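Number of protein chains: 2
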Amino acid sequence: MTEHRPLDPPASTTIATIANDVGVSIATVSKVLNGRTDVAPDTRARVEASLDRHRYQRRGRKPSGDGRIDLVFHEFDVGWAMEILRGVEAVTSEAGIRLAVSQLDGAHRPPARWLDVLLTDRPLGVLFVLCHLAEAQQMHLRRQGIPFVVVDTDSATSAAVPTVGSNNWNGGLLATRHLLELGHRRIALISGPPDVLCSRARAAGFQSAHDEAGVAVDRELVRYGGFLATAGHDHGLRLLRRPDRPTAIFAGSDIQAMGVLRAARQCGLRVPEDLSVIGYDNLPVSAWTDPALTTINQPLRDMAGIATQMLLGLARGIEPATSRIDLVTELVVRESTAPPAHLR
Amino acid sequence: MTEHRPLDPPASTTIATIANDVGVSIATVSKVLNGRTDVAPDTRARVEASLDRHRYQRRGRKPSGDGRIDLVFHEFDVGWAMEILRGVEAVTSEAGIRLAVSQLDGAHRPPARWLDVLLTDRPLGVLFVLCHLAEAQQMHLRRQGIPFVVVDTDSATSAAVPTVGSNNWNGGLLATRHLLELGHRRIALISGPPDVLCSRARAAGFQSAHDEAGVAVDRELVRYGGFLATAGHDHGLRLLRRPDRPTAIFAGSDIQAMGVLRAARQCGLRVPEDLSVIGYDNLPVSAWTDPALTTINQPLRDMAGIATQMLLGLARGIEPATSRIDLVTELVVRESTAPPAHLR
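Protein chains in written order, with our numbering: chain Y, 3 to 346; chain F, 3 to 346.
Printed below as a string of C-alpha cells:
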C-alpha cells in the first residue's frame, strides 16, 4: 500500500544522503535532526530543505519519552472537550500511559514555540483535536519519528495524516430527512462557522435531503454562526421574528440548540407544538433540556478512543490499515420534534 | 510559623539518624527512600516505620521531573471537571509547565500502583480534585519531596494538607435565605451524598437560614442523592407528588436542578410560577436552561487556579501563607425563583 503513503521517503535515504546532498558533515545533519542550536541558520535551512526534498523520516527509532502522549485541543469548549477527554483517557489509563493535556485558546495551529517545547521533551505521540499542524511542522515531527493523529469533523484532511472523524454530511441528511418526513417544508439551518468544513458538509446533507424530497431550500433560512448557545439564541430570534418564520430549526450543536429553545420561548412559541428543534452531538445534557432534544449522535468518545489506539499503534511502528476513519452519525429522536401545527 | 507545620521533621533528622535507629547502613535507607526494590521487605518496613516516626522529609531537593504537574480527578463528571481543567491549564500554560491528567473512576483514593508509577516519573507536584491520599501515601510523597494540593469542597481536610475549597455552608445559607425572603415556607433540599461533607455543610446552611427566619424545617423534605440529573429527577418526582408538596426546591448541582425542572414539567407544574428551583455551581449551562437557573456560584476556575499557584509555589520551596483557602460562594438570581403562588 505504499501508493497511499506519498510522504514516505525512498528506503535508501539516509543521513549520509542528506549530508552528501548539502555538502556538510553527517554530524551537522544529525545536529539539525536533534534540534540542536549550534548550527548556522543558513546551514540549518539548507539541511532542512534537503530533508524535506528527500522526504527524510527517522525510522525504527524507539520512543525515548516517558510513556506519555500529548492531547492538544483547539479549545476547552463546553461539553465536547470532556467527551473527547473521556474517550482518550479510557485508552491511555488501560495502557498505563500518561496523558498530557493542553489547548490553543481557539487557534487552529500551534505556535512555533509549542513544537520546540514538545521536541525537548519527547512524547510517544500527539493527538490533535480540531486543530492541526502546518505542513512544515508536520515534516518536522515526521523527521523526529513522533507520530500524530487528528480528531476532526473536517473530512478533507490529507490522506497522509491519520484522522478520525464522523460523517457530517450523513448527519445533516438524517436530521433534515426526519423533519421533512414529519411534514415540515420551511426548515432553517443554523450551522457552525462557514470556514469550518463540517458546517459545509452538514449544509450539503441538508440540501441533499431537500433534493430527495423535491422541496426547495429557502436560502434566507440558512445561517452560519458559532457553536455556542448565544449563536443559537441570536439566529433563532432573527429567524423566528420573520413573518414567514420556519416551522423547524436544525442547530449546529446541542448547546446552540439550547439557545434556540430560549429564543422560541421568548417569541411565545412552544417546542415542539409550534416549532421543532434538532441539536447536534448528543451530549449528556441534551437528554435533560426541556423539552429533551432530538439530536444527531456524534460518537465523540469512540472517535477519541479509536484515534488514541491508532496513535499508540503508530508509536509501536504499526501503520493503520486506513488513514481516514469516519464513524457513523445517527438520529436520536426525543421530544423536541413533531409534525408542524397545520398537519396536526 | 513552625507551629502550623506539625509534620515537619526536627531539623536534625538525617539519613544517618534513621540508619542508626534501625541498625542498617545509610545505603539501605537511601534505597528505601528512592523506591528501590532490592531491600528485604522486613527491612523496608522497619526503615519506613522509622522514617514515619521521625517525620523524615527530604529537604531542599530540586525537582528532577520534566516540568510537569499531575492533575488527578475523582472522576470526569459533567461540567465540573472541565471548569477545574480550565482553571488549572490557564496557570500551567502561562508558566510553561506540562499538565498530565488522570481520573480514578469515581474512587476517592488512588490505588497503590498509582503511587509507584508516579514515583518512577517524578512530577513537580500533584493536584487532587475531590480525592485524596491515604495517610501512608501522604507520608510517602512528603519523603520524596513531591508537594500536593487538594481542591475539595470538603472543609474538614487536615490543616497539614494545603486545600482550596469554597464555603458550602454559606452557599446553603444564601440559597435558602433567598427562598425564605421570597416568602416560601415549605422548602425542600436535595443535597449530594450524605457521606460527602459538602452536602452536610450545605444542609447545615439550609437549617441555619430557617433558624434565622424562625421557620421549622420539615425533615421529610430533606433528601440526599447523587449530583447527577437522574437524582434530581427521581427525588423531584417523589417530592412533587406529595399532597403537601414543597413550593421550592434547592438542588445540589445545576445538572441535578435540570432533573428537577423535568420532574416539575411532568407534574404539570410551571417554574417559577408553581415551583421555585435553585441550582448549585453556576456552570455555563445554567444560564441556558428553560427557565434559566437561579444558582449558587461556586468559583471552580478560581479555586483551581489558586490551588495550582499554591502547588507551583510549594514546588519552588515556598510555603503558602495559609494551608486552607475557602473562596466565597455567591447567589446568582435568574428566572427559576419567584414568590410562591399564594403570595402573588
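Glycine included, each C-beta is placed from N, C-alpha and C at the ideal position.
Computed from a predicted structure; not experimentally measured.
Original post:
How big is the Cα-Cα spacing for F/Leu-132 and F/Pro-149?
Top reply: Taking the first residue of the second sequence as position 1, residue 132 of chain F is located at position 130. Taking the first residue of the second sequence as position 1, residue 149 of chain F is located at position 147. In this structure, the straight-line span from the alpha carbon of F/Leu-132 to that of F/Pro-149 is close to 17 angstroms.
Original post:
With a CB to CB cut of under 7 angstroms and the five nearest residues on each side skipped, what residues in its chain are close to F/Pro-286?
Top reply: Translated into positions along the second sequence, residue 286 of chain F becomes position 284. Here the set comprises nothing.
**OP:** Confirm the yes/no value for this check: CB of Y/Val-93, any heavy atom of the ligand SAM, distance under 8 angstroms.
**Re:** By its list of ligands, the structure shown contains no ligand whatsoever, and the ligand SAM lies outside what it can speak to.
Subject >> Test: Y/Phe-78 CB closer than 9 angstroms to a CB of chain F >> reply: In the first sequence, residue 78 of chain Y corresponds to position 76, counting from 1. Look at Y/Phe-78: its C-beta is under 9 angstroms from a C-beta on chain F.
**OP:** Can you tell me the Cβ-Cβ gap for Y/His-134 and Y/Arg-100, rounded? I've got them flagged as a contact below 8 angstroms.
**Re:** As a first step, residue 134 of chain Y must be located in the first sequence, where it is residue number 132. As a first step, residue 100 of chain Y must be located in the first sequence, where it is residue number 98. Contact check for Y/His-134 and Y/Arg-100: beta-carbon distance about 23 angstroms, past the 8 angstroms limit, so the pair fails to qualify.
Original post:
Does DSSP classify Y/Ala-29 as helix, strand or coil?
Top reply: Counted from its first residue, the first sequence places residue 29 of chain Y at position 27. In the structure shown, Y/Ala-29 adopts helical secondary structure according to DSSP, grouped into three states.
Original post:
Rounded to the nearest angstrom, how far is the Cβ of Y/Val-90 from that of Y/Phe-130, given a contact under 8 angstroms?
Top reply: Taking the first residue of the first sequence as 1, we reach residue 90 of chain Y at position 88. Taking the first residue of the first sequence as 1, we reach residue 130 of chain Y at position 128. Contact annotation, Y/Val-90 with Y/Phe-130: C-beta distance approximately 12 angstroms; criterion of less than 8 angstroms not satisfied.
Original post:
In chain order, what residues of the same chain have a beta carbon less than 7 angstroms from the beta carbon of F/Asp-276, not counting five sequence neighbours either side?
Top reply: Position 274 of the second sequence, counting from 1, holds the residue named residue 276 of chain F. Excluding the 5 residues flanking it on each side, F/Asp-276 has same chain C-beta neighbours closer than 7 angstroms at Ala-343, in chain order.
Original post:
Just to confirm, are Y/Ala-309 and Y/Pro-164 a CB contact at a threshold of 9 angstroms?
Top reply: Along the first sequence, one-based indexing puts residue 309 of chain Y at 307. Along the first sequence, one-based indexing puts residue 164 of chain Y at 162. Yes, Cβ-Cβ distance for Y/Ala-309 and Y/Pro-164 is below 9 angstroms.
Subject >> From Y/Leu-53, Y/Val-93 and Y/Thr-232, residue whose alpha carbon lies closest to that of Y/Asp-23 >> reply: Counted from its first residue, the first sequence places residue 23 of chain Y at position 21. Out of Y/Leu-53, Y/Val-93 and Y/Thr-232, the CA that lies nearest to the CA of Y/Asp-23 is found in Y/Leu-53.
**OP:** State buried or exposed for F/Asp-79, treating a residue as buried only when at least 16 other CB atoms are found within 10 Å of its CB.
**Re:** Along the second sequence, one-based indexing puts residue 79 of chain F at 77. Counting Cβ neighbours within 10 Å, F/Asp-79 comes out buried, since at least 16 surround it.
Subject >> Beta carbon proximity, F/Ser-95 to chain Y, threshold 9 angstroms >> reply: In the second sequence, counting from the first residue as 1, residue 95 of chain F sits at position 93. So yes, F/Ser-95 belongs to the interface.
**OP:** Please list the partners that F/Gly-261 has in chain Y, where partner means a Cβ-to-Cβ separation under 7 angstroms.
**Re:** Residue 261 of chain F sits at position 259 when you count from the first residue of the second sequence. Within chain Y, the C-beta atoms nearer than 7 angstroms to that of F/Gly-261 come from Trp-290, in chain order.
Original post:
Should F/Thr-178 and F/Ala-211 be called a contact, given that it needs their Cβ atoms to be closer than 9 angstroms?
Top reply: Within the second sequence, numbered from 1, the residue matching residue 178 of chain F stands at position 176. Within the second sequence, numbered from 1, the residue matching residue 211 of chain F stands at position 209. Closer than 9 angstroms, so yes.
Original post:
Which ranges does the beta strand (DSSP E) cover as unbroken runs of at least 3 residues, wholly within the segment 63-140 of chain Y, from first to last along the chain?
Top reply: As far as the segment 63-140 of chain Y is concerned, its whole beta strand (DSSP E) runs of at least 3 residues are 70-75, 100-105 and 127-131.
Subject >> C-beta neighbour in chain F for Y/Lys-64, strict 9 angstroms >> reply: Start at 1 with the first residue of the first sequence, and residue 64 of chain Y comes out as number 62. Any answer about Y/Lys-64 is weak, because its pLDDT of 41 lies below 50 and its placement is not dependable; what the coordinates show is given next. No, its Cβ sits nowhere closer than 9 angstroms to a Cβ of chain F.
Original post:
Taking buried to mean at least 16 other C-beta atoms within 10 Å of its own C-beta, is Y/Ser-66 buried or exposed?
Top reply: For the purposes of this step, residue 66 of chain Y is taken as residue 64 along the first sequence, with counting starting at 1. Here the model assigns Y/Ser-66 a pLDDT of 38, short of 50, so the residue's position is not dependable, and the following value carries that caveat. Under this definition Y/Ser-66 is an exposed residue.
Original post:
Got a sec, what are the start and stop residues for the beta strand (DSSP E) F/Thr-297 sits in?
Top reply: Along the second sequence, one-based indexing puts residue 297 of chain F at 295. Segment 297-299, the beta strand (DSSP E) holding F/Thr-297.
**OP:** Quick one: which residues of the segment 253-278 of chain Y get their C-beta closer than 8 angstroms to a C-beta of chain F? List them in chain order.
**Re:** Going along the segment 253-278 of chain Y in chain order, one finds Ile-257, Met-260, Gly-261, Leu-263, Arg-264 and Arg-267 with a Cβ nearer than 8 angstroms to chain F.
**OP:** Compare the C-beta of Y/Val-34 with all C-beta atoms of chain F and state if any pair is closer than 9 angstroms.
**Re:** Stepping through the first sequence from its first residue, residue 34 of chain Y is reached at position 32. By this cut-off, Y/Val-34 is not an interface position.
Subject >> For Y/Arg-225, the three-state DSSP class (helix, strand or coil) >> reply: As a first step, residue 225 of chain Y is located in the first sequence; it is residue number 223 there, counting from the start. Looking at Y/Arg-225 - three-state DSSP - the assignment turns out to be strand.
**OP:** Answer with yes or no whether the minimum CB distance from F/Gln-1 to chain Y is below 9 angstroms.
**Re:** Since the first and last residues shown for chain F are 3 and 346, residue 1 of chain F lies out of range.
Subject >> Beta-carbon proximity list for F/Met-312, same chain, < 6 angstroms, skipping 5 on both sides >> reply: Here residue 312 of chain F refers to the residue found at position 310 of the second sequence. Excluding sequence neighbours, F/Met-312 sits near Val-151, Pro-164 and Pro-322.
Original post:
Which chain F residues are close to Y/Ala-231, counting only those with a beta carbon under 7 angstroms from its beta carbon?
Top reply: In the first sequence, residue 231 of chain Y corresponds to position 229, counting from 1. Correct list: Trp-290.
Original post:
Shorter than 9 angstroms from the beta carbon of Y/Leu-117 to some beta carbon of chain F?
Top reply: The sequence position of residue 117 of chain Y within the first sequence is 115, counting from 1. Cβ-Cβ to chain F under 9 angstroms: no for Y/Leu-117.
Original post:
Grouping DSSP H, G and I as helix and E and B as strand, with all else coil, what is F/Ser-210?
Top reply: On the second sequence, residue 210 of chain F is found 208 positions in, with the first residue counted as 1. Helix.
**OP:** Specify whether the segment 279-299 of chain Y and the segment 330-339 of chain Y touch according to this definition: at least 3 beta carbon pairs, one from each stretch, less than 8 angstroms apart.
**Re:** Under the 8 angstroms Cβ criterion, the segment 279-299 of chain Y counts as touching the segment 330-339 of chain Y, having at least three qualifying pairs.
**OP:** Please decide whether F/Val-151 counts as near chain Y, where near means a Cβ-Cβ distance under 9 angstroms.
**Re:** Taking the first residue of the second sequence as 1, we reach residue 151 of chain F at position 149. For F/Val-151, the answer is no, since every Cβ of chain Y falls outside 9 angstroms of its Cβ.
Original post:
Should Y/Leu-1 and Y/Ile-189 be called a contact, given that it needs their Cβ atoms to be closer than 9 angstroms?
Top reply: The question about residue 1 of chain Y has no answer here: the residues shown for chain Y are numbered 3 through 346.
**OP:** Note down, in chain order, each residue of its chain lying with its Cβ closer than 7 angstroms to the Cβ of F/Gln-209, except the 5 sequence neighbours on either side.
**Re:** As a first step, residue 209 of chain F is located in the second sequence; it is residue number 207 there, counting from the start. If we look at F/Gln-209 and ignore the five residues flanking it on each side, its Cβ neighbours are Val-219.
**OP:** Consult DSSP for Y/Arg-326 and reduce its assignment to one of helix, strand or coil.
**Re:** Walking along the first sequence from the start, residue 326 of chain Y turns up at place 324. In the three-state reduction of the DSSP assignment, Y/Arg-326 falls in the strand class, which pools E and B.
Original post:
Quick one: is Y/Thr-297 near chain F, going by C-beta distance under 9 angstroms?
Top reply: Stepping through the first sequence from its first residue, residue 297 of chain Y is reached at position 295. Judged by the 9 angstroms Cβ criterion, Y/Thr-297 is not in contact with chain F.
Subject >> For Y/Met-305, the nearest candidate out of Y/Leu-316, Y/Ile-20 and Y/Ser-168 (CA to CA) >> reply: Looking up residue 305 of chain Y in the first sequence gives position 303. Distance from the Cα of Y/Met-305 is smallest, within the candidate group Y/Leu-316, Y/Ile-20 and Y/Ser-168, for Y/Ser-168.
**OP:** State the Cα-Cα distance for the pair F/Gly-69 and F/Arg-244, rounded to the nearest angstrom.
**Re:** Position 67 of the second sequence holds residue 69 of chain F. Position 242 of the second sequence holds residue 244 of chain F. When rounded, the distance between both Cα atoms is 57 angstroms.
Subject >> Run of the alpha helix (DSSP H) containing F/Ser-168, from where it starts to where it stops >> reply: As a first step, residue 168 of chain F must be located in the second sequence, where it is residue number 166. In the DSSP assignment, F/Ser-168 falls outside any alpha helix (DSSP H) and within the unbroken beta strand (DSSP E) covering 165-168.
Original post:
Which of the three DSSP states, helix, strand or coil, is assigned to Y/Arg-61?
Top reply: Translated into the one-based positions of the first sequence, residue 61 of chain Y becomes position 59. Reliability of the predicted coordinates at Y/Arg-61 is poor, the pLDDT of 46 falling under 50, and the value obtained from them is presented with this limitation in mind. Y/Arg-61 sits in coil when the DSSP states are folded into three classes, being neither helix nor strand.
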